[in-house]
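Asker: To start, I am sharing the structure in question, which I have written as structure tokens.
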Amino acid sequence: MNSFKIHINDKEIDANEGERILDIARREKIHIPSLCHHSDLEPHESCRLCMVEVEGDKNLRASCALLAKPGMKIYTDTPTTQKALKINLALLFSQHEDNCEHCGRVEKCKLHEYAEKYAACGNIHIDRKKKLPKFQFGPSIFLDQSKCINCQNCSDMCSKQTKGGFITLKQAGETFEMFPSEEKNIDCIYCGQCIMHCPVGALSEIESYSEVKKLLKDKTKKVVFQFAPSVRTSLGEEFGMPLGTNVTDKIFAALKKVGAYKIFDTSFAADVTIIEEAAELLEKIAKGDNTTMISSCCPAWVKYAEFYEPELLKYLTTVRSPQIILGGLIKTYWVEKENLDLRDIVSVSIMPCTAKKFEIEREELFVDGKRPIDYVLTVRELAKLLKELNVDLNKIEPDESDKDILANPSGAGEIFGAGGGVLEAALRTVYQKLTGQELENLEFKPLHEFKRTKMAEVTIGGKTLKVVAVSGMENAKKILEEIKADPTKYAYVEIMACPGGCIGGGGQPIPIDDEIRKARAAGLYSTDEKRKVRTSHGNPGIDILYAEFLNDKKNKHKICHTTYEKRKKGEIKKI
Amino acid sequence: MAKDIITKIKEANLLGRGGAGFPTWMKWEAVKKQEGQGKKIYVIANGSEGEPEIFKDEYILKNHPQEFIEGIKIALETFANSEAIIYLNHKYFDKYKKNLEKFSEGFPISYFRKTAGYLAGEETGLLNHIEGQRVEPRPKPPYPAEAGLYNLPTLVNNIETYYRIYEIKNDLYAGKAFFSIEGDVKNKGTFEFPENYPIKKILEETGNWPAFDFFVQYGGGAAGTIYLPEELDEPKKGATSIIVFNRQKTDALKLMQRWAEFYSKENCDKCTPCRESSIRILEMTKKNKLDFDKLEKMFFVLEKTSFCPLGKGMAIPYRTLIEKVLKK
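Protein chains in written order, with the numbering used here: chain E, 4 to 578; chain D, 272 to 599.
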């Protein structure tokens, strides 16, 4: 790569060919404000807040898109850039509903941050979006047009995650606004990546935490919680902890403090998922069926498959997601074991995900006619709940006591939260079942032609299994095309709809970027490395559960397996 | 042969006739450089003519279809493995396509009906429209010459530019341009004059110099600059459209409102200054209350920070009208 020098604010800086000024400035800790810039997206150049002066150029230039050139002299903080910034900020602020005190996003809202920082707060014009509508996509996503600043990050992201782009700009009178698509063949997969990439609060999850808060105070109810693998290394961010901090034991303590009756760990159910998926894969191999098996624990991917690629449904494993398995176990096995009345139980799960809110409404996943889960909270909702109940995760003492077997996962169950983790966890078990030996180190090779895709080849008894893990639907689409062309190309495929897997999920703390994804995933893997039990089949709790409950075929079927079907477009509600 | 025509265009100093005035030979040479990579090259004629009150391209479609198509054929000959698309606004498409086809038959020339708005006349907005993408300008670079339609090298020229290239090829070019004349005049229409002819002379020689107090908008019915009679002795740059306004009979605020309606409807809403300013200016004109301080702020960000020429140029008509007409 070609390197050269440029100057930013008279400071000499090394730059590489192809680098953009805003990225260089961020790397050098030179502050340039920007709302629409996101490292996951190509520069869209819409907000016009990152304007800089370039020596020899009479117009200001958008630094997010501006490529560095040798000898370039950039000025980020001049009377002209400051004047332009304040005016554009004021224009943006005037189109955004002025209701910050009631907005759930205010702490993380970049527009609010800049408006205060640059004293450009307040509307210089009347609030033109006040009366615009709000939409709900299924039970998951909330779009508030009155807060939208037209940056197009959501629609850019949505066109990667869906086929055709569900959230799109449409002309509504004199302006364009973000609308859900009315096309019959385009639907939301509820992944929530639009929320993760919205710089303001125009997109959010449909919240349930107020209901849960109420139920926690209801003496007649026993509220039980489970939390997903990836939650343990992301929740800390909401309390200002360093990226990737594992707060598992603090989650137990915090939930107890707010009145949880019992707390379980979804990672334990991930171990169950692995046992079942491994069995399914082994059976396939034994039958000589060479076609691929695709993971199904990501509900956004399942929705994608059911809506956009129904012909691929036959390759999906029938095994339910860990959330649903654990929900089912809580409402059957555990309730019976503890001799409790099911009517008193409220089952709440803390998920890194907005599609999980949709998953719990799928009737084919109901157990004995009942929902396995009553409420799904995102990580952000849990943080709000704790903060409103004055629980500071920094101050609370970790609690390791009173852990049911359903709260004791293996390391394999915990790495589920990182892209590739499901695949790795499954292979640890498949390998052991086929060879009688433990799989030492699985070496993944990145598939260079595809982004966020890694591949491994495992040779078992002279037979080589080619397996692949991919995250982000944009990248998964390419693997799906490969499967369509040759269904035997890969033995096992892990698909996670969100870039990076659940650690980058649509219900995770905001902001998100690759550095954050890496830190959250590293947190999970370092926990795994420290665990004595690193395989699902090695988890003693699994043996107990199977001996006591799941070896019964009927139980296993109703708790662990499901079916898929071609799905029609989901509900869009206008408010 | 190929080098010949590009050199001839360069020597003729032909500037693009869409209004921006970019040297045509540079576009052609940039596309020529892309040859030989086995890539298809697209040759596009931009006949969107979306600016209000301009109709000089229509004049060519009506009166010189053969010469225009000849200009396109010259481009097809110049670039190996090329294919042409004539992009026409829906009105022109419906009216002139049939006749144009008489001359384009047998050549790789197809027609595209423009159904999108004003911004689809901007060359990269146009490419998006043909590709079925949302109509908004694309970041440059890459320039269309390198990665245009479907990411392939693409030449985009205005209809008149092709007509002039036909003239250049056949040694008929005399540095002339078509001017459309509209507004409070006796002889509306399209007239041919030397490209650097002063507006005053054009109006005089077409019998259109008014006897009353007036002002002129030159450069398009939305983006054009306002000039007073005493400013019309020198040649002007920009789209060759002259609109004459009777000063007594023109409600300047209403005129501003018309522009604002046009802009807020026709802009793509991509970037903050253009999207918000167009709407806010419309609000003010509707309320009959101009806040000059706020306007000046919006003009500043429009000119300094807009993404594309539409936004960058939006302040000009307002500013010149306010300075020269409204504030006096």
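Backbone N, C-alpha and C fix where the C-beta goes; we use that ideal spot for every residue, glycine too.
#1: Among residues of its own chain, excluding the 5 on either side of E:Leu315, which ones have a beta-carbon nearer than 6 Å to its beta-carbon?
#2: Just curious, the beta strand (DSSP E) that E:Leu172 is in, first and last residue?
#3: Short of 9 Å Cβ to Cβ, which residues in the region 164-182 of chain E face chain D?
#4: In the DSSP assignment, find the unbroken alpha helix (DSSP H) run with E:Arg523 in it and report its ends.
#5: At the 9 Å Cβ level, is D:Gly584 part of the contact set with chain E, yes or no?
#6: Would you kindly work out how many angstroms separate the C-alpha atoms of D:Tyr414 and E:Asp531, rounded to a whole number?
#7: In three-state DSSP terms, what is E:Ile90?
#8: Between E:Gly504 and E:Ala421, is the Cβ-Cβ spacing less than 9 Å?
#9: Should the region 394-402 of chain E be regarded as contacting the region 415-433 of chain E, the criterion being three or more beta carbon pairs within less than 8 Å?
#10: In its own chain, which residues sit with a C-beta less than 7 Å from the C-beta of E:Asp13, not counting the 5 before and 5 after it?
#11: Using the C-alpha atoms, what's the distance from D:Glu537 back to E:Glu100?
#12: Reducing DSSP to helix, strand and coil, say where D:Met272 ends up.
#13: Compute the beta-carbon to beta-carbon distance between D:Phe450 and D:Thr511, rounded to the nearest angstrom, for a pair I have assumed lies under 8 Å.
#14: Less than 8 Å between the CB atoms is what I'm expecting for E:Lys76 and E:His10, so what's the real figure, rounded?
#15: Considering only residues of the same chain and omitting the five flanking positions on each side of E:Gly243, which have a CB-CB separation below 8 Å?
#16: Can you look up D:Gly290 in the DSSP assignment and give me helix, strand or coil?
#17: Look up E:Arg108 in the DSSP assignment and say whether it is helix, strand or coil.
#18: Once the 5 residues before and after E:Gly475 are set aside, which same chain residues still bring their CB inside 6 Å of it?
#19: Output the boundary residues of the beta strand (DSSP E) element that contains D:Ala387.
#20: Let's see if you can read the secondary structure: which residues bound the alpha helix (DSSP H) around E:Glu416?
#21: Can we say the region 222-234 of chain E touches the region 262-273 of chain E, given the rule of at least three CB pairs closer than 8 Å?
#22: Do we get a CB-CB distance below 9 Å when we pair E:Asn156 with the residues of chain D?
#23: In the structure shown, what three-state DSSP assignment does D:Leu359 receive?
#24: With 16 as the cutoff for other CB atoms within 10 Å, does E:Leu426 come out buried or exposed?
#25: For the region 394-407 of chain D and the region 415-424 of chain D, state whether three or more C-beta atom pairs, one from each stretch, are separated by less than 8 Å.
#26: Determine the DSSP secondary structure at E:Gln229, reduced to helix, strand or coil.
#27: Please specify which runs of the beta strand (DSSP E), each continuous and at least 3 residues long, are wholly inside the region 405-480 of chain D, giving them in chain order.
#28: Residues of chain E with a CB under 8 Å from the CB of D:Asp540: which are they?
#29: Taking the C-alpha atoms as reference points, what is the distance between D:Lys525 and D:Ile497?
#30: Would you call E:Ala65 buried or exposed, if buried means 16 or more other Cβ atoms sit within 10 Å of its Cβ?
#31: Quick one: does D:Pro465 have its CB under 9 Å from some CB of chain C?
#32: Going by beta carbon distance, what residues of the same chain come within less than 6 Å of E:Gly167, once the five residues before and after it are set aside?
#33: Can you find at least 3 beta carbon pairs, one from the region 505-522 of chain D and one from the region 484-495 of chain D, that sit closer than 8 Å?
#34: Comparing the CB of D:Glu402 with every heavy atom of the ligand NAD, is any distance shorter than 8 Å?
#35: Strictly below 8 Å CB to CB, what residues from chain D border E:Tyr49?
#36: Taking a cut of 7 Å between CB atoms, which residues from the region 385-411 of chain D lie near chain E?
Answerer: Here's the rundown:
#1: Result list for E:Leu315: Ala308, in chain order.
#2: 170-175
#3: Thr171, Leu172, Gln174, Gly176, Glu177, Thr178, Phe179, Glu180
#4: 517-533
#5: no
#6: 50 Å
#7: helix
#8: yes
#9: no
#10: none
#11: 24 Å
#12: Because the pLDDT at D:Met272 is just 47, under 50, the model does not fix this residue reliably, and the value given afterwards should be weighed accordingly. Note: D:Met272 maps to coil in three-state DSSP.
#13: Correct: roughly 4 Å between the Cβ atoms.
#14: 5 Å
#15: Asn397
#16: coil
#17: coil
#18: Arg455, Pro502
#19: Counting along the chain, D:Ala387 falls outside any beta strand (DSSP E), and DSSP gives it neither H nor E.
#20: Glu is not the amino acid found at residue 416 of chain E; the sequence shown has Gly there. Where E:Gly416 is concerned, the enclosing alpha helix (DSSP H) stretches over 414-417.
#21: A contact exists between the region 222-234 of chain E and the region 262-273 of chain E.
#22: no
#23: strand
#24: buried
#25: yes
#26: In the structure shown, E:Gln229 sits in a strand (DSSP, three-state: E or B).
#27: 425-429, 447-454, 460-465
#28: Asn153, Leu172, Thr178, Phe179
#29: When rounded, the distance between both Cα atoms is 15 Å.
#30: Looking at its Cβ environment, which holds 16 or more other Cβ atoms inside 10 Å, E:Ala65 is buried.
#31: This model lacks chain C altogether; the protein chains it does include are E and D.
#32: So the list reads Ile189, once near-sequence residues are dropped.
#33: yes
#34: Absence of the ligand NAD is noted for the structure shown, with no ligands found whatsoever.
#35: The sequence as given places Ser at residue 49 of chain E; Tyr does not occur at that position. Lys541, Cys542, Thr543, Phe578, listed in chain order.
#36: Arg405, Pro410
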